[in-house]
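Asks: Quick one: the structure is below, and I'll ask about it shortly.
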Amino acid sequence: MNVRRILGGAVAAALLLAPPAAAQGFAGLGTTVEGYAEVVPGRTFSFPEDHGPHPEFRIEWWYVTATLADADGRSFGLQWTLFRQAMTPDGRDEGWASNQIWMGHAAATSAESHAHAELFARGGTGQAGAVAAPFSAWIDGWEMTSEEEAFSPLRLRAQGADFAYDLRLVTDVLPVLQGDRGFSLKSDQGQASYYFSQPAFTAEGTLTIDGATHQVTGQAWMDREFSSQPLADDQDGWDWFALRLSDDVDLMLYRLRHAEGDNYFSGNWIENGVSTLLPRGAVRLEPERWTEVAGREVPTHWRVSVPDRDVALSVTPLNAQSWMDTSFPYWEGPVRFEGSHSGVGFLEMTGY
Amino acid sequence: MSVRSRPLFAALLSHWRRRPGQLATLLIGLALATALWSGVQALNAQARSSYDDAATALAGVQAPMLLPEEGATMPERVFVELRRAGWPVSPLVEGSLEVDGVTLRVLGIDPVSLPSGVGLPLFNPDDASPAALFLGDGLTLVSTDTLAELGAAEGDAPVVPAGALPPLTLQDDLAPALAVMDIGAAQRLLGRSGEISALALGSDRSRIIAPMDAATDQMLTRSLPREDGDLAGLADSLHLCLTAFGFLSFTVGLFIVHSAVGLAFEQRRPVLRTLRALGVPRRRLAAALVLELAGFAVVAGLAGMALGYVFAALLLPDVAASLRGLYGADVPGELRLDWTWWLAGLAISLVGTLVASASSLAKVWRMPILAPALPEAWHGEERRWLRWQSVAAVTLLALAALLGLLGSGLYAGFAMMGALLIGAALLLPAVLAVALTLGARTAERPEATWFWADGRQQLSGLSFALMALLLALSVNVGVGAMVGSFRTTFLSWLDQRLAPEIFWNAPDEARAGEIRDWLTAQPGVREILSRGDAEVRFADAPTSVVGVSDAASLRASFPFLAAEADPWDRLSAGTAAFISEQLARREGLELGAAIEVPGDTGLASYTVAGIFADYGNPRGQIRIGLAEFRTLFPDVPVTAHSVRADPAQTAALVAEMRDRFALPAGRLIDQERLKAFSRAIFERTFVVTGALNTLTLAVAGVALLTSLLTLAETRLPQLAPLWALGLRRGRLARLELLRMVALAAITAVVALPLGLALAWVLVAIINVEAFGWRLPLYHFPRDWVVLYALALLTALAATALPAWRLAHMAPARLLKVFADER
Amino acid sequence: MLRVQDVRKSYVTPQGPVPVLAGVDLALGAGETLALTGESGSGKSTLLHLIAGLDSVDGGSIALGDRDIGALDEAGRAALRRTEVGLVFQQFNLIPSLSVEANLSFQARLADRYDAVWVQELAARLGLAELLQRYPEQLSGGQQQRVAIGRALAARPALLLADEPTGNLDEQASDAVMDLTADLVARTGCAFLMVTHSRDLAARLDRRVHLSNGKVQAVETPPGRAATG
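Top to bottom, those sequences are chains A, B and C.
The first sequence runs -11 to 340 under the working numbering.
The second sequence runs 297 to 1118 under the working numbering.
The third sequence runs 782 to 1010 under the working numbering.
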């Protein structure tokens, strides 16, 4: 999902361009798209090509979250994200003349703490980038790289001042298209992105946090999204959920908050590799409890329901203080849920 | 029994409604005192950042560097290889480029990966974003001087064979002849595509996943930022003195406030009495007065802060003290004042006001409800007051002397300065009284007798204004001497230190020999000096040992503070060493002392044949002959050199050396430009300090004026009888004028030694305590004469209005004094 | 000696001019003494100030000897005050910064008529000989007024003017001051004009002029004095 990650490119843009960014939408995502490729329904996706970058679009991201546990049953979460943003629509990407800016976010979460780091790089030199096959996406020493010719297995690693992780991700299913066959609508005004996911990785490796290194296993979820203007001017943030309901079923839901008027809800039901766009009005996301995080109130506990699919969940965070204090700050962390189903997933909330 | 506040305040405040002039006097006094303080503070902060900029410009990028072990450049891939291994490096490319006949040093950077805090003064506030450097046409950042030298305007894009420069953009505080641009543009213009000169190394090592030699096959050497600690140290010292100046200004302000508040209470004495008589409890009255004062302090404090800001902004014409500064936007090169500055200013105003009014409040507390039947017994009172104050003054002065003799440490130095100042100020009335008594002895004519005698009577009313004048004058003398000494010392130090036209540092000795040989053959080269640097532990502290050539130019200009006969011959012969002042002071070494220097090959003994000034250097230094140095430290390469050359050919020489030997900037420096630049930056502070000095004096003048204006009212009963006895109003006015000038003249005479003592404390005690070296104190008698004239002028200006009013006063007003039918 | 003819004076107030003197005539010969009495606001102090040259008349004339005070400029009037007139005020108005001795001789020195013997004699007669080095604030009211009288007479003026000289003194001190004044006036032979509201004091002088509403209402010679006058 990703609307959220929208932040990616946008952040880089806002950081490096005009300082009064974020004047429109969260992180400047509501700015105009002139000169960039447009997002229209009916695109044909092909792999492995679409694992690589799409520089004709303004923003793009590679986004991985993982819910993990060690042998003692302690829970952890991590995030690895690479954002790309074109600063101009001319598609230059050669040497220092490149118009691409890259940004990396990485974080590790335990019940007690949340550690994160942020990186920036210009395109064109090889300091950061992505290639489709054999797949690799990287910024400095952080990378997500296919071990061999095939996409899976992948090596995922990153480290910062107070955390590090190095995981092997394996999947045998194909990517699933989100929204309507990969066309993900973000508002009633037509803002949209191309969006696909790789929801069912198994993950295994090491994670260091709070000064201790843990052998961990669990599941990971990858989102890929690219677009040129994914948010409407009056949308100031979103709440996004990726929940693993069972071995066969994943649920992706999001809500885009409008400054005025009704919020925009959407989601996909992914069962045995088949993704179905949930009908309008089928998704209910209600904050249940707010927590003070980094000096602001954030809805860290939720009631999530999809009545048509007999889903009614109570979602709680592993660590309510999973705050990403990056250039554009947001909340992102692993969650647990109980109710009609029980399991784990990831929650991202921006614009608070 | 409760007292309602409204009528109480109404009664207190009604006084001001009837006498708006007095209220204005009080508020102006408070506001000016605050303005003085806040202005100095703002300037101080600004001066601090200017020096940082200067030091940065001299040193270039302030980060450790990775340089190619061989050659001037390395492939750009090294940057990517190290980044991928998690090293926080950022590429730099440097080179010289002739643009429209001017040789520029081009520095290409990658603003995205450049570690923060490298101190490059980049980006004007308007430029908003570092990405502007490479987006679109990009930018070429140059200083105003460089722009002028190029004869270009902002936005121009000069063309060189390799293409057009990105549009020129002004960037304050960049070094002269330096053009900063995006690395991509720099590579293109310098013909170095894919090459970089150096990698700046950031400090965040948390993401490193592979050692450097595993990450790249490029052989790299690390180099620390060039040490310009000397300049930074000198700047620190000047900054400390400016801080002291801020403190002094505040003291002046305190006296002004005291004077203003004292007069305000005096004027309302009858009202206060009446209020007490009507049943307002003493406690209540005092509380109301404190509240009223606090209100005034806040109002006047705010006005004063604004005024101080304006002063500071006016005094820094080349700094855009735009309103943005008020909102705390963190932009370099701009007068930046955050909310703590405002808060501190208000607090100072408030606390200062209350401290300064403590004695007045105490007076109200003790005031009897009924006025004494007889007029104030001023004569006895004055004597008691003078005696008490003189005792306090002498005690403080003794304390100052004691601190000077026995004290050690910076705080003792400051305490001494404070005791000296306040003590001298308190002593002033006694000195004036003695002078007036002496004057009265010489008086023959009754007018003259009255002239002197009445001066004494006025003393108590004017004493605080006069003390403020005294402090302002002595601060003027003191700071003038201090800054003047600084200027003289700094400029000559700069001349000595940067005397060689070119400084260069070869990567190794073989290359150094090559360059020396080439240079020797060049016309215009007069002398080549080699210098070896080693670090040893001497007397248990890190100490530099420097081997120097015996060169005519060094002999001519070496900054000896003390030397024995033939020091250079003995240095070359290997029997003598020179030590820096700091080392001499710290270890108590004198000329002729024997020292043992621990070399790599063993201990070597020398006689100290010279002690030299090494201003600003926190570290001790020992200088020995170059041959001795090579013997003692055979493994330390002698690669640092300076060249005395024909100034007319320096630029060409530097350019050719750059190209021929591929010396990166930082290893080859055109000293003349550096000198001009650092001189300009210091000169700016000197000018500002001068302006501030004048301002302090003007404020003291205003304090005198307001005191005189308020006193004029109470003086009428004393002047009217004289008029009745046959002295004309004009004559009386002239006498008043003359008396004030006489008082100012005596005050100025006292101010001179006080100011010199102050300067002495600053340079000989505070500076030595803080930095271990003593600034030579120079005197500027011509300034004293000017200042003396200024003091008289100040008094004349302050007295002019009250005197004029007296000369033109309607007889009816004078008659009122006698009219018992009032 | 002193001739006051049809003197008029009004003061300008926000409510318009207020006449204080509406044509006053008065004459005083050398050595004569005269008491000026009247209610508060009757203009007696104003008349005294005009005679002293402290203020100028609106109409009429005041002549002292052969000089018309009205025709003098400020410098002339100041010179007149220094040399010809001695002034004594209710508030004493000594110069607080000067010693008793300096106060005593001040006006005489100012007028360049200082006579050390005479000042010494004055001091002795006024009972100030022991107090010469003191300052005014260290004296009682009576003592201060005696200094003021001494100061006024030190220059041997032709005319001594006093405005309620005993107004701030108790009865005893008042009597002493009046006795001394009368004695000294007699010795110097100067004319003496005193403003007072006290009939008793007025009775001690040769003549009494009563002012009311800015005009002379009555001139009387006290009965006991008629014979000698």
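Cβ atoms here follow ideal geometry from the backbone N, Cα and C, with glycine treated the same way.
Please read all numbers here as calculations on a predicted model, not as lab measurements.
Can a CB atom of chain B be found closer than 8 Å to the CB of A/Gly(-3)?
Replies: Any answer about A/Gly(-3) is weak, because its pLDDT of 35 lies below 50 and its placement is not dependable; what the coordinates show is given next. By this cut-off, A/Gly(-3) is not an interface position.
Asks: Return the first residue and the last residue of the alpha helix (DSSP H) that A/Ile47 is part of.
Replies: Where A/Ile47 is concerned, there is no enclosing alpha helix (DSSP H), although the beta strand (DSSP E) it sits in stretches over Ile47 to Asp58.
Asks: DSSP state of B/Gly774, grouped into three classes?
Replies: Reduced to three states, the DSSP call for B/Gly774 is helix.
Asks: Quick one: give me the first and last residue of the alpha helix (DSSP H) that A/Ile197 is part of.
Replies: From DSSP, A/Ile197 is part of no alpha helix (DSSP H) but of the beta strand (DSSP E) over Ala180 to Ile197.
Asks: Taking all protein chains shown into account, decide if A/Phe33 is buried (16 or more other Cβ within 10 angstroms of its Cβ) or exposed.
Replies: Classification of A/Phe33: exposed, given that the 10 Å Cβ count is below 16.
Asks: Taking 8 Å as the threshold (beta carbon to beta carbon), is A/Phe123 in contact with chain B?
Replies: No, its Cβ sits nowhere closer than 8 Å to a Cβ of chain B.
Asks: Could you tell me which of B/Ala540, B/Ala802 and B/Leu787 sits nearest to B/Gly709, measuring between CA atoms?
Replies: The candidate whose alpha carbon is nearest that of B/Gly709 is B/Ala540.
Asks: Contact defined as beta carbons within less than 8 Å: I believe A/Leu66 pairs with A/Ala95. What is the distance between those atoms, to the nearest angstrom?
Replies: Confirmed, about 6 Å.
Asks: With distances taken Cα to Cα, identify the nearest neighbour of A/Glu106 among A/Ala247, A/Phe64, A/Pro267 and A/Ala149.
Replies: The residue with the shortest Cα to Cα distance from A/Glu106 is A/Ala149.
Asks: Would you kindly report the start and end of the unbroken beta strand (DSSP E) that includes A/Tyr318?
Replies: Looking at the DSSP string, the run of the beta strand (DSSP E) that includes A/Tyr318 is Tyr318 to Gly327.
Asks: Among B/Ala658, B/Trp638 and B/Pro796, whose alpha-carbon lies nearest the alpha-carbon of B/Pro943?
Replies: Comparing Cα-Cα distances from B/Pro943 to each of B/Ala658, B/Trp638 and B/Pro796, the minimum goes to B/Pro796.
Asks: Taking 8 Å as the threshold (beta carbon to beta carbon), is A/Gly225 in contact with chain B?
Replies: False, the Cβ-Cβ gap to chain B never drops below 8 Å.
Asks: I'd like to know whether the C-beta of B/Glu877 is nearer than 8 Å to at least one C-beta of chain C.
Replies: It does not; no Cβ of chain C falls within 8 Å.
Asks: Measuring CA to CA, which of B/Val455, B/Phe799 and B/Thr512 is closest to B/Phe375?
Replies: Cα-wise, what sits closest to B/Phe375 is B/Thr512.
Asks: Rounded to the nearest angstrom, what separates B/Ala424 and B/Ala444 at their Cα positions?
Replies: At B/Ala424, the pLDDT of 43 sits below 50, so the modelled position is not reliable; the number obtained from the coordinates is stated separately. So the two alpha carbons sit approximately 24 Å from each other.
Asks: Take the Cβ of B/Ala448 as the centre, count every other Cβ of all protein chains shown within 10 Å, and call the residue buried at 16 or more, exposed below.
Replies: The residue is buried, with at least 16 neighbouring Cβ atoms inside 10 Å.
Asks: Check each candidate in B/Arg565, B/Leu1007, B/Leu1073 and B/Leu497 and name the one with the smallest Cα separation from B/Leu755.
Replies: Nearest C-alpha to B/Leu755: B/Leu1007.
Asks: Run through chain F and tell me which residues come within less than 9 Å of C/Gln888, C-beta to C-beta.
Replies: No chain F is present in this structure, whose protein chains are A, B and C.
Asks: Does any residue of chain B have a CB that is nearer than 8 Å to the CB of C/Pro946?
Replies: Answer no: the Cβ-Cβ gap between C/Pro946 and chain B never drops below 8 Å.
Asks: Once you ignore the five residues that flank A/Ser124 on each side, which residues in its own chain have a CB closer than 6 Å to its CB?
Replies: Hits under 6 Å: Thr133.
Asks: Nearest to A/Ala200 by CA position, among A/Gly23, A/Asp58, A/Leu70 and A/Trp90, is which residue?
Replies: It is A/Asp58 whose Cα lies nearest to the Cα of A/Ala200.
Asks: Short of 8 Å Cβ to Cβ, which residues in the segment 841 to 860 of chain C face chain B?
Replies: Those residues of the segment 841 to 860 of chain C that come within reach of chain B (Cβ to Cβ, closer than 8 Å) are Glu855, Ala856, Ala859 and Ala860.
Asks: Quick one, which of B/Ala1029, B/Tyr1074 and B/Trp1080 has its alpha-carbon nearest B/Ala1041's?
Replies: Comparing Cα-Cα distances from B/Ala1041 to each of B/Ala1029, B/Tyr1074 and B/Trp1080, the minimum goes to B/Trp1080.
Asks: So which residues on chain A does B/Gly480 lean against when the C-beta distance must stay under 7 Å?
Replies: Under the 7 Å cutoff, chain A gives Gly83, Trp84 and Ala85.
Asks: Quick one: give me the first and last residue of the alpha helix (DSSP H) that C/Gln884 is part of.
Replies: Position check: residue 884 of chain C holds Asn in this sequence, whereas Gln was assumed. It spans Val881 to Leu891 - the alpha helix (DSSP H) in which C/Asn884 sits, taken as one unbroken run.
Asks: Based on the DSSP secondary-structure assignment, which residues constitute the bridge partners of B/Leu837?
Replies: The sequence shown places Ala at residue 837 of chain B, rather than the Leu named in the question. BP columns for B/Ala837 point to B/Phe834.
Asks: Counting Cβ pairs closer than 8 Å, one from the segment 1020 to 1038 of chain B and one from the segment 1083 to 1101 of chain B, do we hit at least three?
Replies: Contact holds: three or more Cβ-Cβ distances are below 8 Å.
Asks: Counting Cβ pairs closer than 8 Å, one from the segment 692 to 705 of chain B and one from the segment 727 to 734 of chain B, do we hit at least three?
Replies: No, because fewer than three Cβ pairs between the segment 692 to 705 of chain B and the segment 727 to 734 of chain B fall closer than 8 Å, the two stretches do not touch.
Asks: Do the CB positions of B/Gly843 and B/Phe925 come within less than 8 Å of each other?
Replies: Yes; because the gap between Cβ atoms is below 8 Å, this pair is in contact.
Asks: What's the C-alpha gap between B/Asn1063 and B/Ala873?
Replies: Their backbone Cα atoms lie some 26 Å apart in a straight line.
Asks: Can you find a C-beta in chain C that's less than 8 Å from the C-beta of B/Ala749?
Replies: It does; some Cβ of chain C falls within 8 Å.
Asks: Closer than 8 Å, Cβ to Cβ, to anything on chain B: give me those residues from the segment 67 to 101 of chain A, in chain order.
Replies: If the cut-off is 8 Å between Cβ atoms, the segment 67 to 101 of chain A has Met75, Thr76, Gly83, Trp84, Ala85, Asn87 and Ile89 near chain B.
Asks: Closest to B/Leu879 by C-alpha separation, out of B/Val1113, B/Gln917, B/Pro855 and B/Ala830, would be which residue?
Replies: Looking at the Cα atoms, B/Gln917 is the closest of the given residues.
Asks: Compute the Euclidean distance between the alpha carbons of C/Ala859 and B/Ala1047, then round it to the nearest angstrom.
Replies: Taking the straight line from one Cα to the other gives about 40 Å.
Asks: For the alpha helix (DSSP H) that A/Asp78 lies in, which residues bound it at each end?
Replies: Unbroken run through A/Asp78: none, as it is neither H nor E.
Asks: Please report the residue range of the beta strand (DSSP E) in which A/Met240 lies.
Replies: Run containing A/Met240: Val237 to His246, per the beta strand (DSSP E) assignment.
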